[in-house]
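One structure is given here, and the rest of the page talks about it.
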Amino acid sequence: MTLVFKTNSGSLIQAQVQTQDVVNTWSAAQAIYGWMGGLEGAKFLLSQIPNPLGPRIKELKLDQSLRLLPFRGHVLTSGGHLIAESYDSKESFGDDIRTQLIGTTICALSHECESLTAARLFCRFLMPYLFGESSSVTYALQSQVIEKSNLQKVVNEGASRGLPRIFLDTIREEELPEANQGWRYVRSNRSNSDDDEFFGETTMIAGLLKWIAKDGAQEYRTRSGCVARVAACLKAVGFRISSIQIYSGYGPLPSCNGPKTLTLVLGGSIETDNMMQELPQLPDTPRILHYQFNTMGAMLLSALGNAPNLHPEILQEDFEHVFEYIEEQLSITFVHGDPIPEARYLWKHVDKPPKAVAMSLASIHFSECAEFVAPCYDRIANEQYLDRVRGKSKKLTNSKAKWKELARFRAITASIVISIVSRFAPTSFKHVHHATTLDISSSDWLSMMCKVVDRVGSSDPSIKLYEAVVALAIVHAAYEPPLDKDIQQLHKSIVAWRNGIFGVVPALLLDMNVLEEGLPLVCIDYFWANVSVLEDGSILSAHVADVEHHFLDMESTDSNLSSLQRLDEPRVGDPECSAPDLPVYLSLSTPMDDGDPHLCFTAWLRGTIAGTVGILEVLKTLLASRVEPARCPGHDKAAQVVNVKTSTWSADLYSKPRTKDFPIFLPVSEDNCWALFLAGQTCNFKGRVVYRCVACAVENFQSTYTLHSGSDPAAVFIGLL
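In structure tokens form, the structure reads like this:
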């Protein structure tokens with residue numbers, strides 16, 4: 188693979204990439220949950236089948252129409268946010284038409300289903316059709332396709348080649364509804380079926396695949412918007428679906444426009460989804476719901492399942508009312524925390540008490556913060572809603588229930604959860620695409636998530652950084668948390684997330700900039716290429732062994748010497764604010780001595796490694812660095828420090844200079860790479876970043892800690908000014 192690196196604006200000339208970033212991107216691609224090699228085993232097995240293409244691939248002209256795209260991934264470097272491209276379309280998904288068909292089809296199905304369901308549907312309904320009836324080879328092929336790491340690589344490769352964006356664009360161009368408005372579960376027509384037997388959408392998608400594999404079947408009608416969107420995705424990658432049309436239920440049915448036409452039926456009583464009637468009912472698994480800020484109403488309607496008499500416009504208005512209120516009233520600040528950074532909530536004081544009915548509605552799911560979120564229920568704050576909500580607890584998918592009030596209440600409650608979680612990524616949430624497995628046809632999802640965000644009203648209104656990342660992953664990156672675990676039980680070193688094109692990233696990783704104002708998280712909707720992830724999509728900070736220290740034997744020196752007289756050796760005096768005397772390059776990587784794919788910064792000096800630091804250690808130091816006042820109030824005298832050049836600090840990889848009597852001062856004027864690296868190295872040395880005034884920073888530090896105590900070494904200040 189040959190990679191071409193560009194800047195985010197598309198410029199080749201200004202793009203500078205180091206060998207380390209290329210190597211790290213390649214390593215991430217080959218990792219167990221990376222984005223290359225997911226179909227190598229399948230490619231070998233297919234070579235054992237005599238027919239090189241399979242009985243149907245050539246007949247359907249899939250070898251000519253299959254849509255293959257080049258690789259395009261985003262690489263986060265200390266030189267800026269770069270885009271890596273490789274014009275290798277023909278090499279995608281194993282460089283074999285059969286594995287390419289497997290890869291693109293699974294990606295199309297997993298746009299609306301979770302990936303394991305997509306793989307199972309493909310293996311059961313399309314694989315025998317495309318590659319021949321079952322044999323020992325095809326059984327082995329199925330196990331290769333469904334194996335978790337292979338499957339994750341396939342989906343990631345699709346994301347790295349832009350398939351999710353193609354699917355979103357195709358669905359929009361086909362003018363398909365983003366929600367299942369007008370959709371209802373299809374009742375079984377079997378003579379021996381129970382009156383209450385209904386087909387879920389997994390079975391309905393299986394019916395679509397059976398129609399694709401059936402000779403001579405011209406038209407297929409469905410009541411599921413999900414099925415229509417899957418058909419659009421399959422059409423986008425090359426399947427011969429000539430047209431997708433919508434029938435409102437009024438007037439004559441539109442005529443078939445081609446040999447394979449899918450019709451989405453939104454009304455009327457005509458028979459639909461007939462291909463699934465003979466199928467066994469398949470278990471419904473989480474659906475992937477795609478949305479943007481202005482399509483929240485449609486997403487919530489889909490998440491409700493079979494909610495009667497509700498329209499996405501109403502739910503959109505409810506959501507915007509909730510979002511605007513929480514955006515105005517709730518602010519979040521990330522702080523140091525001990526031992527994990529955390530986000531602290533601050534609600535604005537509101538003089539007017541909430542309505543009594545709104546307070547009662549809020550108290551159903553929120554025990555700690557009911558008073559704060561009660562105004563979000565103002566639009567439904569009446570006794571009818573309260574009575575219906577308190578009196579109903581069954582699933583909305585029961586066709587005999589007409590629970591408009593309960594459905595709307597759940598949608599508003601989900602809006603509150605999503606709006607509070609969005610405050611962790613305040614600058615990006617409104618502007619990117621999102622994916623979620625949200626299901627509010629029952630109260631299970633709400634019970635889990637409300638417990639997390641309810642702490643905004645507790646006596647200790649805070650949430651750990653890893654919980655904030657996971658909460659964003661649930662509403663933005665389609666993470667489906669395990670039912671037997673609370674979010675608080677997940678790994679405490681989680682600092683980021685990636686699932687396909689959807690990611691949650693600390694802002695400082697995007698631009699490698701030392702942020703004075705705090706640490707917001709950022710939601711991204713593009714493929715982050717130079718990072719390794721775990722099976723569930725989580726990205727953990729590496730734990731790097733602490734560096735040791737040795738004491739300097741310092742003698743007081745007159746601080747008024749001219750700059751020409753100053754020595755390169757560490758010396759006591761006024762802070763010497765200057766640029767670092769050595770350039771450093773910082774790359775995102777995994778520790779060389781650790782087999783786990785955890786994330787760290789690696790610093791390079793003169794082509795050799797100067798050290799590695801965990802992302803959490805960097806964040807903790809930055810968050811602990813109390814910001815000096817915007818204008819210095821003035822000081823009687825300058826702070827006395829030991830000035831240490833970066834070359835002296837880095838001379839010993841494993842031991843750093845410290846003193847007992849004076850803080851160390853490391854000048855790195857406006858060099859963000861040095862500041863980030865030193866922030867990580869000094870995390871356990873009481874390290875602090877100085878932005879404007881050393882004396883102010885020392886005073887702020889002294890207000891929290893003693894500068895030095897007994898035999899303990901003094902603090903370390905990193906001079907970014």
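Numbering (our numbering), first residue to last: 188 to 908.
Ideal Cβ positions, reconstructed from N, Cα and C, are used throughout, including at glycine.
Separation of residue j from residue i, as counted between CA atoms
| i | j | result |
| --- | --- | --- |
| Ser719 | Trp684 | 10 Å |
| Asn343 | Asp781 | 24 Å |
| Pro441 | Val452 | 11 Å |
| Leu633 | Val640 | 10 Å |
| Gly794 | Cys860 | 15 Å |
| Pro770 | Leu865 | 13 Å |
| Pro315 | Arg243 | 10 Å |
| Asp382 | Ala660 | Note on Asp382: pLDDT 39, under 50, position unreliable in the model; no value is reported. |
| Thr472 | Arg610 | 29 Å |
| Leu625 | Val662 | 7 Å |
| Ile219 | Phe309 | 23 Å |
| Ile851 | Trp213 | 39 Å |
| Ser375 | Tyr434 | Its pLDDT being 46, under 50, Ser375 is placed unreliably by the model, and the measurement read from it follows with that caveat. About 22 Å. |
| Val814 | Val877 | 8 Å |
| Val544 | Tyr532 | 25 Å |
| Gly724 | Asn686 | 5 Å |
| Leu449 | Val619 | 30 Å |
| Leu469 | Gln868 | 53 Å |
DSSP state of residue i mapped onto helix, strand, coil
| i | result |
| --- | --- |
| Gly798 | strand |
| Trp213 | helix |
| Lys335 | helix |
| Tyr713 | coil |
| Thr869 | coil |
| Asn343 | helix |
| Glu504 | helix |
| Gln889 | helix |
| Thr623 | strand |
| Thr777 | coil |
| Lys422 | helix |
| Gly290 | helix |
| Leu727 | strand |
| Phe192 | strand |
| Asn481 | helix |
| Ser843 | The identity of residue 843 in the sequence shown is Lys, whereas the question assumes Ser. Lys843: strand per DSSP, three-state reduction. |
| Asn686 | strand |
| Leu488 | helix |
| His498 | coil |
| Phe788 | strand |
Candidates the options: closest to residue i by CA position
| i | options | result |
| --- | --- | --- |
| Thr520 | Tyr407, Ala557, Pro707 | Pro707 |
| His298 | Gly349, Val877, Gly221 | Gly349 |
| Ala658 | His737, Ala622, Ser629 | Ala622 |
| Ile627 | Ser615, Ile599, His618 | Ile599 |
| Val829 | Asn211, Val800, Phe904, Asn859 | Phe904 |
| Asp208 | Arg359, Ser812, Cys787 | Cys787 |
| Arg595 | Val522, Phe506, His477, Leu256 | Phe506 |
| Ala419 | Thr482, Pro351, Gln676 | Pro351 |
| Leu739 | Ala729, Asn871, Gly438, Ala901 | Ala901 |
| Phe231 | Leu328, Glu570, Ser645, Glu886 | Leu328 |
| Ala665 | Val210, Asp848, Ile711, Lys672 | Ile711 |
| Lys824 | Asp538, Glu334, Met463, Val881 | Val881 |
| Glu360 | Pro693, Ser834, Ala415 | Ala415 |
| Glu458 | Arg408, Phe354, Pro470 | Arg408 |
Residue j beta carbon less than 8 Å from that of residue i
| i | j | result |
| --- | --- | --- |
| Val855 | Pro762 | no |
| His205 | Ser774 | One point to set straight first is that residue 205 is Gln, not His, in the sequence displayed. Yes, the Cβ-Cβ distance between Gln205 and Ser774 is below 8 Å. |
| Leu226 | Gly290 | yes |
| Ala811 | Ala655 | no |
| Lys591 | Leu497 | yes |
| Ser273 | Leu190 | yes |
| Leu253 | Gly425 | yes |
| Leu696 | Pro528 | no |
| Arg597 | Leu491 | yes |
| Arg875 | Cys819 | no |
Sheet register partners of residue i (DSSP bridge)
| i | result |
| --- | --- |
| Ala594 | Beta-bridge pairing links Ala594 to no other residue. |
| Lys651 | Glu529 |
| Gln432 | Thr450 |
| Val829 | Val759, Ile851 |
| Gly874 | Val903 |
| His737 | Pro844 |
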